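> Chains as they are written, first to last, in the working numbering: chain X, 1008 to 1120; chain S, 11 to 121. We put the beta carbon where it would ideally sit given N, CA and C, even for glycine. All of these numbers come straight from a predicted model, not from anything done at the bench. One structure, pasted below without further comment.
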């Protein structure tokens, strides 16, 4: 089955700890994205990557970091510098950065206590 | 930050009725406009990707139109069914760049 997989589905962390969210795709897509959703808000772009070993900040990158060492993988680290990390995080991929449909994972709900 | 605006924010429609909602986006340097459906407990799924002014696309009872000169797109649902209940997201590629989403329209079909 081709698709995009996020893990875990639910994640709890103590305040001040870094946490890494996994995103893997086997669709052979070049572009990958991380979005964050908060209640009553749309999807806000955190980071995106157009190709392996390259990534750009989105609209709300502060307190987050990413890597793109492999085409299939785009992990997101939520650092202790992120002031409001509790949110729903969605990963997506597409063939190209624009003009092609995005495929989404199931999401990870992160709760920081 | 480029704004993509969707209206209304939420909508309740009687089963069998038709409905439509709007996505507004910056008209300059347009590249593509996307519509996604996001059902509860599922991942967003693409409905349409539209690139040409005047484009009209259809999938079953759902269709969309695009006006790039004035910066809007309409999504139409004909004869609403309970399974149409979802949040409908509009997203925009500005130039050859990343996808920027609107806040969505939450549609509830009343049986």
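1) In its own chain, which residues sit with a C-beta less than 6 Å from the C-beta of residue 119 (chain S), not counting the 5 before and 5 after it?
2) Please state whether the Cβ-Cβ distance between residue 111 (chain S) and residue 35 (chain S) is less than 7 Å.
3) Could you name the residues of chain X that residue 118 (chain S) contacts, counting a contact when the two beta carbons are closer than 9 Å?
4) Flag residue 26 (chain S) as yes when its Cβ comes closer than 6 Å to any non-hydrogen atom of the ligand MN, and as no otherwise.
5) Between X:1068, X:1108, X:1060 and X:1059, which lies nearest to residue 1051 (chain X) when the distance is taken from Cα to Cα?
6) Rounding to the nearest angstrom, what Cα-Cα distance links residue 115 (chain S) and residue 57 (chain S) in this structure?
7) At a CB-CB cut-off below 7 Å, which residues of chain S make contact with residue 1055 (chain X)?
8) Let's test the definition: count the other Cβ atoms within 10 Å of the Cβ of residue 1089 (chain X) and tell me whether it reaches 16, buried, or not, exposed.
9) Note down the Cα distance separating residue 100 (chain S) from residue 1036 (chain X), rounded to an integer number of angstroms.
10) Going by C-alpha to C-alpha distance, which of S:31, S:85, S:63 and S:87 sits closest to residue 77 (chain S)?
11) Taking CB distances under 7 Å as the criterion, tell me whether residue 1018 (chain X) reaches chain S.
12) In whole angstroms, give me the CA-to-CA distance for residue 1023 (chain X) and residue 1040 (chain X).
13) Find the residues of chain S that neighbour residue 1048 (chain X), judging by a C-beta separation of less than 8 Å, and give them in chain order.
14) Within its chain, find whatever has a CB closer than 6 Å to the CB of residue 20 (chain S); leave out the 5 residues flanking it on each side and keep chain order.
15) Residues of the segment 1034 to 1046 of chain X in Cβ contact with chain S at a cutoff of 8 Å, in chain order, please.
16) Which runs of the alpha helix (DSSP H) at least 4 residues long sit entirely within the segment 1083 to 1115 of chain X? Give them in chain order.
17) Output, in chain order, the set of chain S residues within a Cβ distance shorter than 8 Å of residue 1105 (chain X).
18) What does residue 54 (chain S) touch in chain X if you count any residue whose Cβ is under 7 Å from its own?
19) Tell me which same chain residues have a C-beta within less than 6 Å of the C-beta of residue 1118 (chain X), skipping the five on either side of it?
Taking the definition as stated:
1) 23, 25, 90, 92, 94 and 95
2) no
3) None at all; the shortest Cβ gap to chain X is about 16 Å.
4) No copy of the ligand MN occurs in the structure displayed, which carries no ligand at all.
5) Nearest option by C-alpha distance: X:1068.
6) The alpha-carbon atoms of residue 115 (chain S) and residue 57 (chain S) are separated by roughly 14 Å.
7) 108, listed in chain order.
8) buried
9) Whole-angstrom Cα-Cα distance: 21 Å.
10) S:63
11) no
12) Going from the Cα of residue 1023 (chain X) to the Cα of residue 1040 (chain X) covers about 25 Å.
13) By Cβ distance, chain S contributes 113.
14) For residue 20 (chain S), the CB contacts under 6 Å within the same chain, skipping 5 residues up- and downstream, are 116 in chain order.
15) 1040 and 1042
16) Entirely contained in the segment 1083 to 1115 of chain X, not one alpha helix (DSSP H) run reaches 4 residues.
17) 41, 42, 103, 105, 106, 107, 108 and 109
18) 1111
19) Leaving aside the five residues that flank residue 1118 (chain X) on each side, the residues in its chain whose CB is nearer than 6 Å to its CB run, in chain order, 1019 and 1093.
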